[in-house]
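Quick note, the sequence shown lines up with residues 1 to 149 if you use the UniProt record's numbering.
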Amino acid sequence: PETKQAYLKKASCIIQQYGNFTAQQVGLNLNGINTQGENIADNGGIKQAYRAYNHWVAQHGTESRLPGLQNLTPQQLFWVSAATTWCSVYRPETLRLRIVTGQHSPGEFRVRGPLSNRPEFARDQTSLPQEGLLHYPTIRQLHRATSRP
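Here is the structure:
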């Protein structure tokens, strides 16, 4: 019973959080109820991926800095890598349909939601100047700059 209550409380928070996200392109709020299962999975997935990454670092040592991205720590690059998975562009009608009927949040919110819920993400940004903070537009720019044609 306690585990179920704790889960329901967290699920309610996720529903509310995502329901307050607005897709500016179409002026619609997400449907936190329709997407709750996948949103919970995204949040748990990024938490476990970060734990696994840090376990790997503990076993193998800190990675070298990447050429051209020396200003980012390996931990910061973890977040960039995780976020670029969801970089996408939607036509307005596709985005609208996805928000109204979809079980998955649009890519932008599959980044904003889970990363904003991770204290590790906030901590890993403390070495960046305010204008360099990793937020969705910055991640999309990095993705475009490092993607191969």
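A virtual CB, placed ideally from N, CA and C, is assigned to each residue, including glycine.
What you are looking at is a predicted structure, and each value in this text was computed from that prediction instead of being measured.
DSSP three-state assignment for Thr62, whether helix, strand or coil: coil
For Val80, the nearest candidate out of Ile33, Leu66 and Tyr18 (CA to CA): Nearest neighbour of Val80 by Cα position, chosen from Ile33, Leu66 and Tyr18, turns out to be Leu66.
DSSP-derived helix/strand/coil call for Pro31: Position check: residue 31 holds Asn in this sequence, whereas Pro was assumed. Asn31 sits in coil when the DSSP states are folded into three classes, being neither helix nor strand.
Top-ranked residue by Cα proximity to Leu77, from Arg112, Gly107 and Tyr50: Tyr50
Three or more C-beta pairs below 8 Å linking the stretch 22-40 and the stretch 92-108: yes
Inter-residue Cα distance where the pair is Ala83 and Asn39: 14 Å
Length of the line joining the Cα atoms of Lys47 and Arg118: 7 Å
Check whether Asn34 and Thr101 have beta carbons under 9 Å apart: yes
Candidates Asn29, Asn31, Gln36 and Tyr18: closest to Tyr7 by CA position: When each option's Cα is compared against that of Tyr7, the closest is Gln36.
Proximity winner among Val89, His55 and Asp124, relative to Pro106 (alpha-carbon distances): The residue with the shortest Cα to Cα distance from Pro106 is Val89.
CA-to-CA distance, Asp124 to Pro92, given in whole angstroms: 34 Å
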